[in-house]
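Sequence lines, in order, name chains A and B. Residues 1 to 118 (this note's numbering) are what the first sequence spells out, left to right. Residues 1001 to 1289 (this note's numbering) are what the second sequence spells out, left to right. Glycine is no exception: its CB is placed at the ideal position from the N, C-alpha and C atoms. Single-structure report; data block below.
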Amino acid sequence: MESLWDAGDAWRTVREVHDVLARDRDIAYTTVMTVLDRMARKDLVEREREGRAWRYRPSQSRGAMTAEVMRQALGEFAEEANARDRAAALVAFVGEATDADRQALRDALAALERRSRA
Amino acid sequence: MTTLVLAALAVLLAGPVPWLMTRLHGFRRTPRAAMVLWQAVALAGVLSALGAGLSLVTVQLVGEQSVRSYALSAIPLSLTGLVLARLLLSGHRVGTGLRQLRRRHRHLVDLLAEDHDGVHVLEHEAPTAYCVPGLRSRVVVSSGTVSSLTDRQLAAVLSHEQAHVRARHDLVLEGFTVLQEAFPRVVTSKQALAEVQLLVEVLADRAARRRQGAHALVSAFSALLDGGLVQAPEGAVAATGSDLQVRIGLLLDDHRHRVQAGVLLLLAAGVLVLPTLLVVLPWLQGLAG
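So this is what it looks like as structure tokens:
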């Protein structure tokens, strides 16, 4: 995947991806083909046919994908998911906080520290 | 008679009982028992609603049968079918929707995050920590989280998330989401979902406290919030205090509340067993006899 990202928006064939990867490590051509095929089915890469071969490119840049993950993690996709409230697609450690929450946290920490000293 | 009792029970369990349960905040001090009771009440409510319909059907069909009795039995039968169909449809929609979102998210996490002994670290400065539940679950933290927490705090956060994953809290939440989507106009179904969401967090907090202590967890909250975790708009959270404040309060509570836990578990058993013994068994015996 890194090697596709390095190529930016350009289309790469399996052969080209394999050539790049094979410089650093021993990897079979068929492995690259299988992995790319699997990633295409997961919509992580796009592909188009050129003659008898597939050509691949990333569906989004690495930054865009990270942004998507973070957006989902921070709960914004609750709305996308048809107002399925904060429903349990992901379970976040702590959602959002108000100033009152912060005050409560400070009080609790003070109480815990008093307790451990007593 | 059977019908009346079951229908009354269904109405009680769909309305006043959960309404009361969301107001008895003391229940949260025994989150496990409270969770069992919530599930028992929801299950008993659905079963008595279905049972009420079915018993009406049998009342019409036992004894002398005529076109009229068939016609009369068709009404409750179709109503029962409607309730069941709504539940199944909602279950299907919620289930496939959630699984699709999670699958996509898991693919992205696998691609982008580095796996450190089962913890997926995502390169991003905004602190976040969460789990993607399911059979192939993932615990994800951002590099911002790792850098802003001490080892102990990070361990507390991770045991919180691992508790969600291990106890399959997502399944409980999914069940109550299904109820809420199937019967959105039953106001209590929304409150029930919110309360169960809170209980799940309290349970995971307890697991983290057992392993790393309350101080590690509370200071981890604090560090993550200072690191710029989403700021909620003021007023977005109910005046009675946010979930986070409730969770902090409960983390300071060291008592075990065994008596309350016992009472809640007994109530949970009662709400499932008593209607079965008192109403459903005599009705079935009546049918057989």
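- A residue is called buried when at least 16 other Cβ atoms come within 10 angstroms of its Cβ; B:E1174 meets this threshold and is buried.
- Under the DSSP assignment, A:A53 falls in the beta strand (DSSP E) whose first and last residues are A53 to P58.
- For B:L1037, the closest alpha carbon among the candidates B:A1071, B:P1018 and B:S1048 is that of B:P1018.
- Segment contact: the stretch 1108-1123 of chain B against the stretch 1199-1207 of chain B, fewer than three CB-CB distances shorter than 8 Å; contact not assigned.
- Segment contact: the stretch 1090-1098 of chain B against the stretch 46-65 of chain A, fewer than three CB-CB distances shorter than 8 Å; contact not assigned.
- Nearest to B:W1283 by C-alpha distance, out of B:M1035, B:V1041, B:L1054 and B:G1045, is B:L1054.
- Around the beta carbon of A:S116, fewer than 16 other beta carbons sit within 10 angstroms, so the residue counts as exposed.
- Contiguous alpha helix (DSSP H) elements confined to the stretch 1141-1193 of chain B occur at 1143-1148, 1151-1166 and 1169-1182, taking only those with 4 or more residues.
- One finds L112 in chain A with Cβ atoms closer than 7 Å to the Cβ of B:A1214, taken in chain order.
- Here A:D99 carries a helix assignment [DSSP, helix/strand/coil].
- At a cut-off of 9 Å between beta carbons, A:D43 contacts chain B.
- Per DSSP, B:T1096 has no beta-bridge partner at all.
- Counting the other Cβ atoms within 10 Å of the Cβ of B:M1001 gives fewer than 16, which makes it exposed.
- In terms of beta-carbon proximity, A:A22 stays away from the interface with chain B, with every pair separated by 9 Å or more.
- Per DSSP, B:A1113 is not a residue of any beta strand (DSSP E), being assigned neither H nor E.
- Closest in C-alpha terms to B:G1091, from the list B:L1061, B:V1178 and B:T1188, comes B:V1178.
- A straight line joining the alpha-carbon of B:Q1285 with that of B:G1026 spans about 41 Å.
- When 7 Å is used as the limit between beta carbons, B:H1124 is near these residues of chain A: T66 and M70, in chain order.
- Distance check between B:G1270 and each of B:P1016, B:Q1039 and B:L1020 places B:Q1039 closest, using alpha-carbon atoms only.
- Within chain A, no C-beta atom comes nearer than 9 Å to that of B:L1077; the closest sits roughly 31 Å away.
- In this structure, the alpha-carbon of B:I1075 lies about 42 Å from that of B:R1103.
- Taking the beta carbon of B:S1219 as reference, the chain A residues within 8 Å of it are L109, listed in sequence order.
- Per DSSP, reduced to three states, the secondary structure at A:E46 is strand.
- According to DSSP, residue pairing for B:L1122 in a beta bridge involves B:S1142.
- Just measuring C-alpha positions, the residue of B:P1184, B:S1143 and B:V1132 sitting nearest B:R1168 is B:V1132.
- At a Cβ-Cβ threshold of 9 Å, A:Q60 and B:L1101 do not count as neighbours.
- Beta-bridge annotation (DSSP): B:Y1070 is not paired with any residue.
- Between B:A1163 and B:A1207, the gap from beta carbon to beta carbon is short of 9 Å.
- Residues of the stretch 48-59 of chain A with a C-beta less than 7 Å from any C-beta of chain B: none at all.
- Around the C-beta of B:S1147, fewer than 16 other C-beta atoms lie within 10 Å, and the residue is accordingly described as exposed.
- One finds H1215 in chain B with Cβ atoms closer than 8 Å to the Cβ of A:S116, taken in chain order.
- In this structure B:L1072 touches B:Q1060 by the C-beta definition: roughly 5 Å separates them, less than 8 Å.
- Relative to the Cα of A:P58, the nearest Cα in the group A:T98, A:V17 and A:M70 belongs to A:V17.
- Interface residue (Cβ-Cβ distance to chain B less than 9 Å): A:M39 is classified as such.
- Contact between A:D24 and B:L1244 does not hold, since their C-beta atoms are separated by about 47 Å, which reaches or exceeds 8 Å.
- In the three-state reduction of the DSSP assignment, B:T1276 falls in the helix class.
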